[in-house]
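What follows is a short report on a single structure.
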Amino acid sequence: MDSAQLRTFIVDWLTEQLGHTVAPEANFGALGMDSIDAVELTDALAEKLGWDDLPVSMILDHPSPRQLADQLASEREK
Numbered sequence: 781m782d783s784a785q786l787r788t789f790i791v792d793w794l795t796e797q798l799g800h801t802v803a804p805e806a807n808f809g810a811l812g813m814d815s816i817d818a819v820e821l822t823d824a825l826a827e828k829l830g831w832d833d834l835p836v837s838m839i840l841d842h843p844s845p846r847q848l849a850d851q852l853a854s855e856r857e858k
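Read in order, the letters of the sequence shown are residues 781 to 858 in this note's numbering.
Structure below.
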């Protein structure tokens, strides 16, 4: 799964969870995400990627769908 596919997954997931359209550059905090949303998103991403775990700190370190997708794609390439 490349960065664009991950970005689409994240944006679609957020749109469904938050009930409004989300831009790839939107800041997670500005979107109104709370800690429960962050845990649920990292759990959904870990499942999608087939990983056992994905730290919630990834949301803080990469605070937009685009930044998070780019980092996850980079991690997959390692």
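In this text, a Cβ means the ideal position worked out from N, Cα and C, and glycines have one as well.
Worksheet item: Between the C-alpha atoms of Leu-799 and Ile-839, what's the straight-line distance to the nearest angstrom?
Response: Position 19 of the sequence shown, counted from the start, is the residue given in the question as residue 799. Position 59 of the sequence shown, counted from the start, is the residue given in the question as residue 839. The residue you asked about is not Leu; residue 799 is Gly in the sequence shown. Their Cα atoms are separated by approximately 19 Å.
Worksheet entry | Pick from Leu-852, Arg-856, Pro-845 that is closest to Val-802, judged by C-alpha positions | Your numbering for residue 802 matches position 22 in the sequence shown. Of the listed residues, the one whose Cα sits closest to Val-802 is Pro-845.
Worksheet item: Which residues in the same chain as Asp-817 place their Cβ atom closer than 7 Å to its Cβ, once the five residues preceding and following it in sequence are excluded?
Response: Counting from 1 along the sequence shown, the entry for residue 817 is found at position 37. The answer, listed in chain order, is Gln-797.
Discussion item. To the nearest angstrom, how far is the alpha carbon of Asp-782 from that of Ala-853?
Written reply: Residue 782 sits at position 2 when you count from the first residue of the sequence shown. Residue 853 sits at position 73 when you count from the first residue of the sequence shown. About 6 Å.
Worksheet item: CA-CA distance, Ala-784 and Leu-794?
Response: For this step, residue 784 is matched to residue 4 along the sequence shown. For this step, residue 794 is matched to residue 14 along the sequence shown. Ala-784 and Leu-794: Cα-Cα distance of roughly 15 Å.
Discussion item. Let me confirm a value: Ala-810 is counted as buried when at least 16 other C-beta atoms fall within 10 Å, else exposed. Which label applies?
Written reply: Locating residue 810 in the sequence shown gives position 30, where the first residue counts as 1. Classified as exposed, Ala-810 has fewer than 16 neighbouring CB atoms from the shown chains inside 10 Å of its CB.
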